[in-house]
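Q: Can you keep this structure in mind? I'll have questions shortly.
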Amino acid sequence: MWRDESTTWQVAHRPAGELWGLLGQVDAVHGLYYGVMHAVFAASAVGGDAGGGGGLWALRLPSVAGTALAAGGVAAVAHRLAGERAALWAGVVYVLLPPVQMYGQEGRSYALVAAAVAWATHLMVLRRWVPYAVVLLVGCWLHEFAALALLAHGVPAWRERGWRWAAGAVAAGLLPLAVVSAGQAQRQLGWLGRPGWQDWVAYGVLSGAVLLLARGGRREVVRVAVPLALLPPGLLMAVSLVHPWYVDRYVLYALGGLALLAGVRLAQGGRAGARGWLPWAVAGALLVPVGAWSAWLRTPESRRDDVLAVAAVVRERARPGDAVLFMPSRRREWLLSSPGVYGGLRDVALAGSPAATHTLHGTELAPEGIRRALLSSPRVLALTDPADQPLDPYPAEAAKRTTLAAGFDRCSVTEVRGARVAVYARRGGGCG
77 MWRDESTTWQ VAHRPAGELW GLLGQVDAVH GLYYGVMHAV FAASAVGGDA GGGGGLWALR
137 LPSVAGTALA AGGVAAVAHR LAGERAALWA GVVYVLLPPV QMYGQEGRSY ALVAAAVAWA
197 THLMVLRRWV PYAVVLLVGC WLHEFAALAL LAHGVPAWRE RGWRWAAGAV AAGLLPLAVV
257 SAGQAQRQLG WLGRPGWQDW VAYGVLSGAV LLLARGGRRE VVRVAVPLAL LPPGLLMAVS
317 LVHPWYVDRY VLYALGGLAL LAGVRLAQGG RAGARGWLPW AVAGALLVPV GAWSAWLRTP
377 ESRRDDVLAV AAVVRERARP GDAVLFMPSR RREWLLSSPG VYGGLRDVAL AGSPAATHTL
437 HGTELAPEGI RRALLSSPRV LALTDPADQP LDPYPAEAAK RTTLAAGFDR CSVTEVRGAR
497 VAVYARRGGG CG
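With the numbering used here applied, the sequence shown corresponds to residues 77 to 508, in that order.
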């Protein structure tokens, strides 16, 4: 379980009143999803430490269901536009895409958002505008960047009066969330940078694949699939040149357009005459790298960190009365989902708990307060980023580093996936 999943776990386990207070400060964009997960955990009676393992199925089950629903939605669109054979292939292609598999096994909202967009696309094709507006609005409340799918749908549907009314209803229904989340944008997305060259290369590869698959394809399929595949990521990347908001998982649903085109092309492969072998040759060539990628996605190495592994190391290294220090403070997330471990330590920098302050990770003391608290601690477990990560320049983080360097001996360092657990003892006291 990595840090984003840990956020889902600890936030969704808060009482409803505390959860509502949090959403007024931060993470309103995930508010509906946290509400869903709160109900899931309540129904499954899962509590305590995430490290127990028994509740991970509840954390991830909605994403598994969302992926299945999304595949069904993509298949339904293909069935309507190109027939039964295309529907089968489009659904299969969708679930084989590695990013789809990644977020289908992760406790976050993106698979559910993709399901909402896929079925909204199907309803658009059917011109059923009232349920279309309802389903897409649910998707937007699960994550508001699903609204970019509305723009993609506008390409084939803008002449439809019903779609224009539905689009207006979705925009109006999303407005309250947009207003609240706009005030939280800097705290929510301030960690993001502008799209890097890897993002542009990935978008170029996606664009090339989409345009290649669209050549000579059915006009009605191309009009639906190409905008869905290219407009949401392209628009978000363009906006991110000014306001850095782009992360590929925010527009995961765009892969439904790619799967739709590929499924239709594969369905036509057996009936394309002398060149019918080409789609099958391409699909066969992709099986090995896609299979390897799929296998890697099921390992801890596929995630940025592993909060359960961090908690296990802390449990092993900690002694009664030890202090714990998070460097930077947002790494408190590594232990918040393991209250059995965290509760046995003194969080020396903490001023207000996450629940009491309606925040994700709590508030911390001023630099001088952190220094005094550390110097009163004979032994400290410091949880830090890997050595190759940049150091936060904030005064409180600098105070942690300088106090440890000046007043403590480092006794040991344990490398964990995406993290380090360092044990410090007061200088002159010995590591014991």
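For each residue, glycine too, the CB sits at the ideal point set by N, CA and C.
Source: prediction; values computed, not measured.
Would DSSP call residue 468 helix, strand or coil?
A: Residue numbering aside, residue 468 sits at position 392 when the sequence shown is read from its first letter. Three-state result, residue 468: coil.
Q: Contact between the segment 477–497 and the segment 374–391 is defined here as three or more beta-carbon pairs at a separation below 8 Å; is this criterion met?
A: Enough Cβ pairs lie closer than 8 Å, so yes.
Q: With three or more beta-carbon pairs closer than 8 Å as the criterion, would you say the segment 182–192 touches the segment 200–208?
A: The segment 182–192 vs the segment 200–208: no contact.
Q: So which of 153, 194, 496 has the shortest CA-CA distance to residue 142?
A: Along the sequence shown, one-based indexing puts residue 142 at 66. Residue 142 has its Cα closest to that of 194, out of 153, 194, 496.
Q: Is the beta carbon of residue 462 sitting closer than 9 Å to the one on residue 406?
A: In the sequence shown, counting from the first residue as 1, residue 462 sits at position 386. In the sequence shown, counting from the first residue as 1, residue 406 sits at position 330. Contact flag unset, no.
Q: Below 9 Å between beta carbons: does that hold for residue 304 and residue 284?
A: Numbered from its first residue, the sequence shown carries residue 304 at position 228. Numbered from its first residue, the sequence shown carries residue 284 at position 208. Cβ distance not < 9 Å, so residue 304 and residue 284 don't count as in contact.
Q: Does residue 350 pass the burial test, meaning 16 or more other C-beta atoms within 10 Å, or should it be called exposed?
A: Within the sequence shown, the letter at position 274 stands for residue 350. Any reading at residue 350 must be qualified, since the residue scores a pLDDT of 42, below 50, and its modelled position is unreliable; the value itself is stated next. Result: exposed.
Q: Tell me the DSSP secondary structure of residue 200 in three-state form.
A: Start at 1 with the first residue of the sequence shown, and residue 200 comes out as number 124. Of the three classes helix, strand and coil, the one that applies to residue 200 here is helix, per DSSP.
Q: Ignoring anything shorter than 3 residues, give me the beta strand (DSSP E) runs that lie fully in the segment 421–464, in order along the chain.
A: Runs found: 426–428, 455–460.
Q: Could you please give me the residues that DSSP links to residue 99 through a beta bridge?
A: One-based indexing of the sequence shown puts residue 99 at position 23. Answer is none; residue 99 lacks a bridge partner.
Q: Kindly provide the ranges of any beta strand (DSSP E) runs that are 3 or more residues long and lie completely inside the segment 127–209, ordered along the chain.
A: The qualifying runs do not exist here; there are none.
Q: Verify whether the separation of the beta carbon atoms of residue 233 and residue 329 is less than 9 Å.
A: As a position in the sequence shown, residue 233 is number 157, starting the count at 1. As a position in the sequence shown, residue 329 is number 253, starting the count at 1. No; because the gap between Cβ atoms is not below 9 Å, this pair is not in contact.
Q: Please name the residue, chosen from 335, 337, 276, that lies closest to residue 311 on a Cα-to-Cα basis.
A: In the sequence shown, counting from the first residue as 1, residue 311 sits at position 235. Of the candidates 335, 337, 276, the one whose C-alpha sits nearest the C-alpha of residue 311 is 276.
Q: Suppose you measure from the CA of residue 473 to the CA of residue 458; what does that come to, to the nearest Å?
A: One-based indexing of the sequence shown puts residue 473 at position 397. One-based indexing of the sequence shown puts residue 458 at position 382. Their backbone Cα atoms lie some 12 Å apart in a straight line.
Q: Classify residue 492 as helix, strand or coil using the three-state DSSP reduction.
A: The residue labelled residue 492 in the question sits at position 416 within the sequence shown. Note: residue 492 maps to strand in three-state DSSP.
Q: I need the DSSP call for residue 499, collapsed to helix, strand or coil.
A: Position 423 of the sequence shown, counted from the first residue, corresponds to residue 499. Reduced to three states, the DSSP call for residue 499 is strand.
Q: Would you check if the segment 116–133 and the segment 292–307 touch, i.e. whether three or more CB-CB distances between them fall below 8 Å?
A: No, because fewer than three Cβ pairs between the segment 292–307 and the segment 116–133 fall closer than 8 Å, the two stretches do not touch.
Q: Would you mind sorting residue 241 into buried or exposed? The rule is 16 or more other CB atoms within 10 Å of its CB.
A: Your numbering for residue 241 matches position 165 in the sequence shown. Counting Cβ neighbours within 10 Å, residue 241 comes out exposed, since fewer than 16 surround it.
Q: Measuring only the C-alpha atoms, how far is residue 471 from residue 219?
A: To locate residue 471, count along the sequence shown from 1; it is residue 395. To locate residue 219, count along the sequence shown from 1; it is residue 143. So the two alpha carbons sit approximately 34 Å from each other.
Q: Is residue 94 helix, strand or coil by DSSP?
A: Start at 1 with the first residue of the sequence shown, and residue 94 comes out as number 18. DSSP places residue 94 in helix when its eight states are reduced to three.
Q: Which value, in whole angstroms, describes the spacing of the CA atoms of residue 148 and residue 170?
A: In the sequence shown, the residue the question calls residue 148 occupies position 72. In the sequence shown, the residue the question calls residue 170 occupies position 94. So the alpha carbons of these two residues sit roughly 9 Å apart.
Q: Report yes if the C-beta of residue 323 is less than 8 Å from at least one heavy atom of the ligand SAH; otherwise report no.
A: What this structure holds is no ligand at all, so the ligand SAH is not there to describe.
Q: With 16 as the cutoff for other CB atoms within 10 Å, does residue 398 come out buried or exposed?
A: Against the sequence shown, residue 398 aligns to sequence position 322. It is buried - the Cβ of residue 398 has at least 16 other Cβ atoms within 10 Å.
Q: Going by other Cβ atoms of all chains shown within 10 Å of its Cβ, with 16 needed for buried, is residue 452 buried or exposed?
A: For the purposes of this step, residue 452 is taken as the residue at position 376 of the sequence shown. Under this definition residue 452 is an exposed residue.
Q: What does residue 486 pair with, by DSSP beta-bridge criteria?
A: In the sequence shown, the residue the question calls residue 486 occupies position 410. For residue 486, which the question treats as bridged, DSSP gives the partners 500.
Q: Is it true that the segment 113–122 meets the segment 87–103, where meeting means three or more beta-carbon pairs spaced less than 8 Å apart?
A: Judged by Cβ distances under 8 Å, the segment 113–122 makes contact with the segment 87–103, as three or more pairs qualify.
Q: Can you name the start and end residues of the beta strand (DSSP E) that residue 403 belongs to?
A: Residue numbering aside, residue 403 sits at position 327 when the sequence shown is read from its first letter. 399–403 is the span of the beta strand (DSSP E), which, as asked, contains residue 403.
Q: Measuring alpha carbon to alpha carbon, tell me which of 393, 415, 425 ends up nearest residue 404.
A: Here residue 404 refers to the residue found at position 328 when the sequence shown is read from its first residue. Among 393, 415, 425, the Cα nearest to that of residue 404 is on 425.
Q: Sort 363, 200, 137 by Cα distance to residue 236 and report the nearest one.
A: By 1-based counting over the sequence shown, the position of residue 236 is 160. Answer by Cα proximity: 200.
Q: How long is the line joining the alpha carbons of residue 126 and residue 376, rounded to whole angstroms?
A: Position 50 of the sequence shown, counted from the first residue, corresponds to residue 126. Position 300 of the sequence shown, counted from the first residue, corresponds to residue 376. Cα-Cα distance, rounded: 16 Å.
Q: Check the C-beta distance from residue 436 over to residue 103 and give it rounded, since I have them as a contact under 8 Å.
A: As a working note, residue 436 is residue 360 in the sequence shown. As a working note, residue 103 is residue 27 in the sequence shown. Yes, they are in contact, since the Cβ atoms of residue 436 and residue 103 sit about 7 Å apart, within 8 Å.
Q: Using a Cβ-Cβ cut-off of 6 Å (strictly less than) and excluding sequence neighbours within five positions of residue 384, which residues of its own chain qualify?
A: Taking the first residue of the sequence shown as position 1, residue 384 is located at position 308. For residue 384, where only same-chain residues beyond five positions count, the Cβ hits under 6 Å are 77, 127.
Q: Once the 5 residues before and after residue 320 are set aside, which same chain residues still bring their CB inside 6 Å of it?
A: Within the sequence shown, residue 320 is the residue found at index 244, counting from 1. Excluding residues within five positions, the ones whose Cβ falls inside 6 Å are 268, 269, 270.
Q: Label residue 257 either buried or exposed according to how many other C-beta atoms from any shown protein chain fall within 10 Å of its C-beta, with 16 as the threshold for buried.
A: Position 181 of the sequence shown holds residue 257. Buried, since its Cβ has 16 or more Cβ neighbours within 10 Å.
Q: Work out the CA separation of residue 373 and residue 213 for me, nearest whole Å.
A: Taking the first residue of the sequence shown as 1, we reach residue 213 at position 137. Taking the first residue of the sequence shown as 1, we reach residue 373 at position 297. Near 31 Å, if we compare the C-alpha coordinates of residue 373 and residue 213.
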